[in-house]
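This report refers to the structure that appears directly beneath it.
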Amino acid sequence: MIKLILVSFSLLISMSTFANQQYTSGPQFCHGVGQAVGMIQYGRATGVEDSENEAVQFIDALSVQTKTNLLASVDQFIRSSSPLPSAWTRILFTHACMSNYAEDLEQIKRISRRVPYQCDVKKPDVACLKGVVNRMAENQII
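The sequence shown lines up with residues -19 to -1, 1 to 123 when you count with mature numbering (1 follows the signal peptide of the UniProt record, and there is no 0).
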């Protein structure tokens, strides 16, 4: 899914008014889609209809380009990252995308269950997330 989104994102960029700007790197892509995932989760939690959510519209535009329902994949990621709040889901998606495990929903679930016990969920912290992932790797949990 991520590779498909990356190709689609590149196509959208090349067709947009930003086509003449610098190449969008993988980390920037992952951050952008992570932002969208977090915005979708936040919007739903606060009662914003998907039809009014710009992040859903962004994912829908990528879906048109890929001829794939990417929103279904985003929904699966959001469900798998429960009970994390949207800000944590955003950084988890970004990290998972950059580390190539965004499609491993079981791993997302394991990480999401540990974050509330090892990090302050009221303060999203990339370093704490990386610490959780590193400790899980050291203990061969992932």
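Built from N, CA and C at the ideal position, the CB exists for glycine as well.
Between which residues of its own chain and Q2 is the CB-CB distance below 6 Å, once the five residues before and five after are set aside?
Note on Q2: pLDDT 40, under 50, position unreliable in the model; the coordinate value appears next. Once the five neighbours on either side are set aside, Q2 has no close Cβ partner at all.
Check I89 in the structure and name its three-state DSSP category.
helix
On the three-state DSSP scale, how would you describe L65?
coil
Taking C-beta to C-beta, are L73 and I59 nearer than 8 Å?
no
Report all residues from its chain with a CB closer than 8 Å to the CB of S63; omit the five preceding and five following residues, and keep chain order.
Non-local C-beta neighbours of S63 in its own chain, meaning closer than 8 Å and more than five positions away in sequence, comprise S93, ordered along the chain.
Measure the alpha-carbon distance for A83 versus G28 and round it to whole angstroms.
26 Å
For the candidate residues M20, K103, I122 and H12, whose alpha-carbon lies nearest to that of G91?
One detail in the question is off: residue 91 reads as Arg in this sequence, not Gly. Among M20, K103, I122 and H12, the Cα nearest to that of R91 is on I122.
Please list the terminal residues of the continuous alpha helix (DSSP H) segment that includes D41.
E35 to T47
Short check: CB of R71 to CB of V18, under 8 Å?
Yes, these two residues count as a Cβ contact at 8 Å.
For Y98, tell me which candidate among C11, L86 and L65 has the shortest Cα-Cα distance.
L65
Please name the residue, chosen from D31, S80 and K104, that lies closest to A118 on a Cα-to-Cα basis.
The candidate whose alpha carbon is nearest that of A118 is S80.
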